[in-house]
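Here the structure comes first, spelled out in structure tokens, and everything after it is commentary.
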Amino acid sequence: MATAQQRVSKPTTTGTGVSQIQTITPNKPELTVLGKIEQSGDILSAHYSADGNDIFAGSINGEVFHYESRSLKKLNQVEDEEMKNKHSPITSVVPVKINNENKLFTSHVSGWVKIWDAGGNTCLSTVKEKNQILGVIPHTRKEKFLTLGEDAKMRLYDMKTGQLAMTFENSYTKDKMTGHDSKIFAAKFHPKNINEFISGGWDDTVQFWDMRKGQSIRYFAGAHICGEGLDLDIHGELVLTCAYQPSNTCRLWNYATAQPYLVLGAETAKLYCGKYLGPKFVVTGSSDPGNVRIINLFNMATVVVHKTGAVGVYCVDAHQRGGDKKENVVNTRLLLAAGETLSEIDFKFLHQ
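For the sequence shown, full-length UniProt numbering gives the first residue as 1, with consecutive numbering after it.
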């Protein structure tokens, strides 16, 4: 049993504003399932709001639901007349805070991107493409958003006007690859360089882009991305790829050089999704079996594996709790979309 000196006290605040003390035993993961709820049809995307109090989830049958975090109480269904008349699969749901306003972006296979008042369940605007849209990525600092296309193109729009600002595509020159040549499933804006972003998809490449240019500026090959399997560390120095392939599924790459940096563990299952949990931990979601794995970047060891029982984990999100922000501490809630089941998990870990 750990002594008092071996335990780390962490102040946290409850919803009532009452300060509590929670302790985390070093090197012992604490994982608690807070709740589960079923939707009709596989849930392809689920995310927390900026403050972590709300959850939005979209499914393959065209439904988007708004839940209360922690309780998973259903608050309302997000829909307009267009969605009622045409049940197009939801490919991404992304709640964001822009100028102190809570907005929700949804993308649909039908070629729609809808922007909602996240609190009032009101559709503010709709952008339509003659193309399957496989994801939408808001850029809150520039008030733009990026659509990920089945046609191997990405399009940048102005949030306020809905006008197309730029199309990013491969020039198909003989000398070098300057974009994607298949479906695009993931993209991530750089945390510091406001004009830069990366993208990945079915062509097994991750492309590096400057928003002021229509073609990519560099790329690397070796990552087959099928979902939200692309992330950047908080400094923008390392690229995380979580790939749907038989080997080298979870890897880190150098952002500046596009060269391999590290293979994370001996993951045998193909990955749909993954992301950083703070600077020193990574969470992944796999297929067949549908497991969630948390990896410790201090020692490259697996901290814990959570078995969902589903065929695949299609999306993982996280909301970091308040309190200690040290690199060796994880104190977070995880949101898992596994088949038709939405789960919320409380996870704590201290590396020593």
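No residue lacks a Cβ here, since even glycine has one placed at the ideal position from N, Cα and C.
Where residue i falls: helix, strand or coil (DSSP)
i, result
"Lys307", "strand"
"Asn254", "strand"
"Lys84", "helix"
"Leu335", "strand"
"His190", "coil"
"Asn296", "strand"
"Ile21", "Caution applies to Ile21, whose pLDDT of 30 falls short of 50 and renders its modelled position unreliable; the model cannot decide the point."
"Lys176", "coil"
"Leu277", "coil"
"Thr140", "coil"
"Thr32", "strand"
"Tyr261", "strand"
"Gly200", "strand"
"Arg212", "coil"
"Lys326", "coil"
"Ala195", "It should be noted that the sequence gives Asn, not Ala, for residue 195. DSSP places Asn195 in coil when its eight states are reduced to three."
"Asn99", "coil"
"Glu150", "coil"
"Ile90", "strand"
"Gln39", "coil"
"residue 353", "With the chain covering only 1 through 352, there is no way to say anything about residue 353."
"Gly285", "strand"
"Asn291", "strand"
"Lys206", "It should be pointed out that residue 206 corresponds to Val in this sequence rather than to Lys. Strand."
Straight-line gap, residue i to residue j (C-alpha atoms, nearest Å)
i, j, result
"Asp117", "Leu75", "14 Å"
"Gly227", "Ile194", "24 Å"
"His108", "Glu82", "11 Å"
"Phe189", "Leu271", "21 Å"
"Ser92", "Ala186", "10 Å"
"Leu164", "Lys73", "37 Å"
"Ile21", "Pro246", "Any reading at Ile21 is ruled out, since the residue's pLDDT is 30, under 50, leaving its predicted position unreliable."
"Trp202", "Glu327", "33 Å"
"Leu148", "Lys183", "8 Å"
"Thr13", "Lys348", "Any answer about Thr13 is weak, because its pLDDT of 37 lies below 50 and its placement is not dependable; what the coordinates show is given next. Going by the C-alpha atoms only, they are around 15 Å apart."
"Leu336", "Glu150", "25 Å"
"His235", "Val64", "33 Å"
"Gly119", "Tyr67", "11 Å"
"Gln352", "Thr25", "10 Å"
Burial state of residue i (16 or more Cβ within 10 Å)
i, result
"Asp54", "buried"
"Pro138", "buried"
"Asn85", "exposed"
"Thr32", "exposed"
"Met154", "buried"
"Asp231", "buried"
"Ser69", "buried"
"Phe298", "exposed"
"Ile60", "buried"
"Ile345", "buried"
"Ala221", "exposed"
Delimiting residues of the beta strand (DSSP E) encompassing residue i
i, result
"Met166", "Leu164 to Phe168"
"Gln320", "Val313 to Gln320"
"Pro46", "Residue 46 is actually Ala in this sequence, not Pro. Ile43 to Tyr48 is the span of the beta strand (DSSP E), which, as asked, contains Ala46."
"Glu237", "Note, Glu237: premise wrong, no beta strand (DSSP E); not H, not E."
"Gln77", "Lys74 to Gln77"
"Asp181", "Unbroken run through Asp181: none, as it is neither H nor E."
"Glu129", "Element bounds for Glu129: n/a, residue is neither H nor E."
"Tyr67", "Val64 to Glu68"
"Ala57", "Asp54 to Ser59"
"Tyr244", "Neither: Tyr244 is in no beta strand (DSSP E) and is coded neither H nor E."
"Ile345", "Thr341 to Leu350"
"Ile115", "Trp112 to Asp117"
"Ala221", "Arg218 to Ala221"
Proximity test, residue i beta-carbon vs the ligand NAD heavy atom, cut-off 7 Å
i, result
"Arg293", "As for the ligand NAD, it is missing from this structure, which has no ligand bound."
Checklist entry - If you pair each beta-carbon of the stretch 164-182 with each one of the stretch 99-113, do three or more pairs fall below 8 Å? => result By the Cβ rule, the stretch 164-182 does not count as touching the stretch 99-113, because fewer than three pairs are nearer than 8 Å.
Checklist entry - Using 8 Å as the Cβ pair cut-off and three pairs as the minimum, do the stretch 251-262 and the stretch 303-323 touch? => result With the cut-off at 8 Å, the stretch 251-262 and the stretch 303-323 do not touch.
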